[in-house]
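Protein chains in written order, with full-length UniProt numbering: chain A, 1 to 275; chain B, 1 to 270.
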């Protein structure tokens, strides 16, 4: 669905954010895009949506070049930005003005999502809280039935019940022809939701692997003492939370936060395992 | 699917833009109407309400009001049209709307050059019609004027657009709002903040440089020479060529500015 080839991108000519980045993303997956502040998560999403232009390299999104901003592609992209603006109108007026641009827009599904998110439909969008607005924009985006769903920090501003609702809804919208990319700092919000992890660090992709591949190759567990098999560890109350190479094919649950810190701290040890 | 232009998408975009832009637009129009009525009210109040004698000078405010306020109105509207693209949260939503850049650009032209000009003309025309009709109903609208050979009557309480109906250079008058709004529309997408001020300052600097070059070039070319009148010149014919030349230059400049605006919109990044 998405092919990125030798992408070079930066906001200034002297300093590139991505150097020769190449990657392929397929339909039927929920990708979790992780990285430190300034690693380029939002910029990568904007490149995919055609909101910024790369210095060089090619990008193919469903057969289109996103930089051309063609309506045929835009109809198939649902982009939920971190910062957004909604006009001073009620939800039905907003839908009336925008939904017609999306030929597959599902009004019934939109209404159902609003009900699930407990949104007051008679209220003007401008008078809603940030979290409520975010839920409206998420509901609208998903109701467009777009094939590519891009979300930048979607859980920011959502309360605890809404985060659970969000995870439930996102798990239910994944279909074989849909690709979902979620960028977030709040890795716990992606627990049990994503099936592939993409980590950005130092102008490139530090890790791109499915959850299955990660748990096959690495083991996440609590240990009392550290030895040479431990790749990365963090002290905890009863010893250490550690990442180890999974020599004995042990079953363990992916700890995204631990993995994230391990990738940043021990990139050289992890690279050979995944290459 | 045609990814450049579709009537369906274009009409959807017009509706959507009206939802975003319409309320502010109507409020601005109401302010414009209020200001025009205030000017007419101040000028004619003593004549209409207190039966003071009518003087033709009472209506002399109309020309500067039409020109200055009309210029301000259409340029403010044009200068605010793409202004929101300077704000990241608004720009993302707008650029991601499934319509082509050409359709978005064309909507901008329609709202700024066509709709704002027509609505200003209509508002000015209706206000003038109301006040001048009242004056005409109260006073004789004709006064005798002595010409060399005869005495004839002229209409002294004339409607603005019948008094100022340009007999010649009509095409230039029609094109002027397109040219002016094209410059401010470009300013609205070129600058991220303070669009109006920055556009106005840029235009002043550009006009200053342009005038300086023209004056200096004229001095260099014609210094020490005098113009010779060959006679037999047909003034009507000359006016036609002058009109054609000015019209063509304005049309060319408008097309160039629109093209730059289109490219800026196409290359707009967030």
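Don't be surprised by glycine CBs; every beta carbon is placed ideally from N, CA and C.
Using a Cβ-Cβ cutoff of less than 7 Å, which residues in the same chain neighbour residue 203 of chain A once the five nearest sequence positions on both sides are dropped?
Around residue 203 of chain A: 16, 17, 18 and 19.
Within 9 Å of chain B by C-beta, residues of the segment 26-52 of chain A in sequence order:
So the close ones are 46, 49, 50, 51 and 52.
Assign residue 74 of chain B to one of two classes, buried (16 or more other C-beta atoms within 10 Å of its C-beta) or exposed (fewer than that).
Under this definition residue 74 of chain B is a buried residue.
Nonlocal neighbours in the same chain, by C-beta distance under 7 Å from residue 79 of chain A, ignoring five residues either side:
The answer, listed in chain order, is 49 and 150.
If contact is defined by three or more beta carbon pairs under 8 Å, each pair taking one atom from either stretch, is the segment 207-218 of chain A in contact with the segment 60-79 of chain A?
At 8 Å Cβ cutoff, the stretches do not touch.
For the alpha helix (DSSP H) that residue 161 of chain A lies in, which residues bound it at each end?
In the DSSP assignment, residue 161 of chain A falls within the unbroken alpha helix (DSSP H) covering 160-173.
Nearest residue (CA-CA) to residue 22 of chain A, options A:59, A:38, A:95 and A:40
The shortest CA-to-CA distance from residue 22 of chain A to any of A:59, A:38, A:95 and A:40 is the one to A:59.
Assuming residue 127 of chain A is part of the beta strand (DSSP E), what are its boundary residues?
Neither: residue 127 of chain A is in no beta strand (DSSP E) and is coded neither H nor E.
Touch check for the segment 131-138 of chain A and the segment 98-107 of chain A: three-plus C-beta pairs under 8 Å?
They do not touch, by the three-pair rule.
Does DSSP classify residue 33 of chain B as helix, strand or coil?
Here residue 33 of chain B carries a helix assignment [DSSP, helix/strand/coil].
Relative to chain A, which residues along the segment 100-115 of chain B have a C-beta separation below 7 Å, given in chain order?
Residues 100 and 101.
Can you look up residue 25 of chain B in the DSSP assignment and give me helix, strand or coil?
Residue 25 of chain B carries a helical assignment under DSSP once its states are collapsed to helix, strand and coil.
So, residue 266 of chain A versus residue 231 of chain A, is the Cβ gap smaller than 8 Å?
If you check the CB distance, residue 266 of chain A and residue 231 of chain A come in under 8 Å.
Taking 8 Å as the threshold, find out whether the segment 118-130 of chain B comes into contact with the segment 36-55 of chain B through three or more Cβ pairs.
Output reads yes: the segment 36-55 of chain B touches the segment 118-130 of chain B.
Is it buried or exposed for residue 54 of chain A, if we count other Cβ within 10 angstroms and need 16 for buried?
When all chains shown are included, residue 54 of chain A counts as buried.
Going by other Cβ atoms of all chains shown within 10 Å of its Cβ, with 16 needed for buried, is residue 241 of chain B buried or exposed?
Under this definition residue 241 of chain B is an exposed residue.
Considering only the beta carbon of each residue, do residue 121 of chain A and residue 91 of chain A sit closer than 8 Å?
In this structure, the beta-carbon distance from residue 121 of chain A to residue 91 of chain A falls below 8 Å.
For a contact defined as C-beta to C-beta under 8 Å, what are the partners of residue 70 of chain A on chain B?
Residues of chain B whose Cβ lies closer than 8 Å to the Cβ of residue 70 of chain A are, in chain order, 3 and 100.
Enclosing alpha helix (DSSP H) for residue 188 of chain A [first to last residue]:
From DSSP, residue 188 of chain A is part of no alpha helix (DSSP H); its letter is neither H nor E.
Tell me, please, whether the CB atom of residue 64 of chain B is closer than 8 Å to any CB atom in chain A?
So no, residue 64 of chain B is outside the interface.
With a threshold of 16 other CB atoms inside 10 Å of the CB of residue 277 of chain A, please say whether the residue is buried or exposed.
The shown model of chain A, from 1 to 275, leaves out residue 277 of chain A, and the question about it has no answer.
Indicate whether residue 240 of chain A and residue 258 of chain A have their beta-carbon atoms separated by less than 8 Å.
Contact check for residue 240 of chain A against residue 258 of chain A fails: the beta carbons are separated by 8 Å or more.
Tell me whether the beta-carbon of residue 9 of chain B lies closer than 8 Å to the beta-carbon of residue 71 of chain A.
Contact flag set, yes.
Meets three-Cβ-pair contact criterion under 8 Å: the segment 79-94 of chain B and the segment 175-193 of chain B:
Judged by Cβ distances under 8 Å, the segment 79-94 of chain B makes contact with the segment 175-193 of chain B, as three or more pairs qualify.
Beta-carbon within less than 7 Å of residue 120 of chain B's beta-carbon, same chain only, minus the 5 sequence neighbours each way: which residues are those?
Non-local beta-carbon contacts of residue 120 of chain B in its own chain, meaning distances under 7 Å to residues more than five positions away in sequence, involve 32, 70, 73 and 74 in chain order.
Residue 236 of chain A: which of A:183, A:224, A:157 and A:171 sits nearest, CA to CA?
Nearest option by C-alpha distance: A:224.
Residue from B:22, B:167, B:112 and B:51 whose Cα sits closest to the Cα of residue 137 of chain B:
Considering only alpha carbons, the answer is B:51.
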